[in-house]
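Enquirer: Residue numbers (the numbering used here), protein chains in the order written: chain A, 1 to 95; chain B, 96 to 477.
My structure is below; once you've seen it, I'll send some questions.
Below you can see the structure in the form of structure tokens.
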């Protein structure tokens, strides 16, 4: 296997740089659409690692400067929380 | 930008894409789909990814059965390069009270009559399907093994790409600003990218169905309500079916990717098209899901998001031409189930527009049912 194939851009969802380039080549040039078909920035880091890489690739392919590109929505919670912890509740004011 | 089209479809979600695909397949040449944001930005891309055939009205049963038959062959039919993540793990729908169980009994009878092989099962049988299910407050359930999951993003993409290959113009980031009607007929649309002359417009705008109908001066009884969903990190397969309870206000399913999706509704939501999620939802959902499925206590929430259910007074869609405005078709008000009904929507709307014989007689789902007061209410909605 060729070495470049294993350059992982999205570590949460295991997406390689080549896959990202292939998809951009297939016409997925909208960051939001790329996110949804490849799952980039949908994993537990929500794009903290991969988003700058993906946006750079899109910028190179489309000529749209990074400054004009809008990152994807960062959704709550900021870090992964156990459902059990959420269910117990945090700060509860007891009478 | 085309200045003339045979059909203009407003809404680039799954309904609009499926209608465009079916029309193009039947030889319609100039079709334009208008999407005001990006592909999958609306209700399709925000939905819970479930597909089911267990309904309480004949129309919903028939629409979902036709759709499911299509989903079973969708990847081949649409010649899609990616994975649609089709999974038939079943839907397990829980009854909390005897009266709810009685309703389910009637639903199953109706479903069976229409060829949907669902069944009423006991708590013990439910625990065979989901061993860690807490059944203390459950009196029985229904189960249908052909229900399940489909990836909304890739399924939408499959329809869009197939439609584009047949010549459909699919424009994103293009908003309709006016639908022109003269002497009771549609004559064209105005958009942020220019005007298009056409005698056929389809409103497939999901959460924005009322806004788009207003552009043509047509009043429709739909309203949008925010619904929220969360997803966990992927874990090993532990949950086969979608587990659903109307009285506990929850549906949850492990998707092929490994993560677990769960959603609920809140009828007291303001109807303002707000797509942001709230902390209250995380709190309520965590309590509900861990009391029903305790092992999920140890699973982490990754993200929560929100989307719109476009509801009608009877929780059934509105399909068909507006009686007073020739050439203006509605495919709206799916009440949270537009994704799973999309294949039927695509087939039926294309048949209506081309004046063909309908695969299913959906005359009962026309807009005039509301003025006539002929409502059959769907009881099985979260």
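Glycine included, C-beta positions come from ideal geometry on N, C-alpha and C.
1. Just verifying my parser: in three-state terms, what is the DSSP assignment at residue 182 of chain B?
2. Can you name, in chain order, every residue of its own chain whose Cβ lies under 7 Å from the Cβ of residue 366 of chain B, other than the five neighbours on each side?
3. Residue 185 of chain B and residue 243 of chain B look like a contact to me (Cβ under 8 Å); what is the Cβ gap, rounded to whole Å?
4. Report the three-state DSSP secondary structure of residue 69 of chain A (helix, strand or coil).
5. Taking residue 445 of chain B as the reference, give the member of B/97, B/251, B/101 with the closest Cα.
6. Assuming residue 161 of chain B and residue 438 of chain B make a contact with CB atoms under 8 Å, what is their CB distance in whole Å?
7. Nearest to residue 459 of chain B by CA position, among B/453, B/401, B/469, B/426, is which residue?
8. May I ask you to list, following chain order, the residues of the region 4 to 36 of chain A that have a beta carbon less than 7 Å from some beta carbon of chain B?
9. With 7 Å as the limit, tell me which residues of the region 62 to 82 of chain A have their beta carbon closer than that to any beta carbon of chain B; keep them in chain order.
10. Which residue from B/245, B/177, B/233, B/115 puts its Cα closest to that of residue 140 of chain B?
11. Whose Cβ in chain B lies nearer than 7 Å to the Cβ of residue 84 of chain A?
12. Taking only three categories from DSSP, how would you classify residue 307 of chain B?
13. Hey, is the region 252 to 259 of chain B in contact with the region 163 to 178 of chain B, meaning 3+ C-beta pairs nearer than 8 Å?
14. For residue 133 of chain B, which of helix, strand or coil comes out of DSSP?
15. Given residue 430 of chain B, which residues of its chain have a CB within under 8 Å of its CB, disregarding the five upstream and five downstream residues?
16. Please report the distance separating the alpha-carbon of residue 35 of chain A from that of residue 354 of chain B.
17. Would you report the Cα separation of residue 461 of chain B and residue 259 of chain B, rounded to the nearest angstrom?
18. Along chain A, which residues have their Cβ under 8 Å away from the Cβ of residue 434 of chain B?
19. Use the C-beta contact count for residue 229 of chain B: other C-beta atoms within 10 angstroms, 16 or more gives buried, fewer gives exposed.
20. Chain B partners of residue 44 of chain A, CB-CB under 8 Å?
21. With 16 other CB atoms within 10 Å as the buried threshold, where does residue 247 of chain B fall?
22. Using only CA atoms, which one of B/455, B/463, B/105, B/443 lies nearest to residue 270 of chain B?
23. Can you tell me which of B/152, B/301, B/264, B/224 puts its alpha carbon nearest to the alpha carbon of residue 72 of chain B?
24. Taking the CB atoms as reference points, tell me whether residue 326 of chain B and residue 397 of chain B lie closer together than 9 Å.
25. Suppose the cutoff is 6 Å on Cβ atoms and the five residues either side in sequence are ignored; what does the same chain contact list for residue 175 of chain B look like?
26. According to DSSP, is residue 313 of chain B helix, strand or coil?
27. For the region 111 to 131 of chain B against the region 286 to 304 of chain B, do three or more pairs of beta-carbon atoms, one drawn from each stretch, fall closer than 8 Å, so that the two count as touching?
28. Check whether the region 187 to 206 of chain B touches the region 324 to 338 of chain B, taking contact to mean three or more Cβ pairs, one atom from each stretch, closer than 8 Å.
29. Taking a cut of 9 Å between CB atoms, which residues from the region 121 to 153 of chain B lie near chain A?
30. Smallest Cα separation from residue 112 of chain B: which of B/274, B/265, B/208, B/138?
31. Using alpha carbons as the reference points, say which of B/463, B/395, B/158 lies closest to residue 211 of chain B.
32. Hey, out of B/133, B/120, B/116, B/137, whose CA is closest to residue 369 of chain B's CA?
33. From this set, B/143, B/388, B/451, which residue's C-alpha is nearest residue 433 of chain B's C-alpha?
34. May I ask whether a heavy atom of the ligand MN can be found less than 8 Å away from the beta carbon of residue 332 of chain B?
35. For a contact defined as C-beta to C-beta under 9 Å, what are the partners of residue 372 of chain B on chain A?
36. Could you say which of B/262, B/343, B/394 lies nearest to residue 97 of chain B if we only look at CA atoms?
Expert: So, from the listed chains and residues:
1. strand
2. 318, 319, 320
3. 7 Å
4. coil
5. B/101
6. 7 Å
7. For residue 459 of chain B, the closest alpha carbon among the candidates B/453, B/401, B/469, B/426 is that of B/469.
8. 30, 32, 33, 36
9. 75, 76, 77, 80, 81, 82
10. B/245
11. Chain B residues near residue 84 of chain A: 385, 392, 393.
12. helix
13. yes
14. coil
15. 404, 405, 406, 407, 410, 411, 412, 473, 476
16. 17 Å
17. 29 Å
18. Going along chain A, no residue has its Cβ under 8 Å from residue 434 of chain B, so there is no contact; the nearest lies around 14 Å.
19. exposed
20. 328, 395, 397
21. buried
22. B/105
23. Since the displayed chain B opens at 96 and closes at 477, residue 72 of chain B lies outside it and no answer follows.
24. yes
25. 253
26. coil
27. Verdict: yes, contact present.
28. yes
29. 132, 133, 134, 135, 136, 140
30. The residue from B/274, B/265, B/208, B/138 with its alpha-carbon nearest to that of residue 112 of chain B is B/265.
31. B/158
32. B/137
33. B/143
34. Among the components of this structure there are no ligands whatsoever, and the ligand MN is therefore not found.
35. 75, 76
36. B/262
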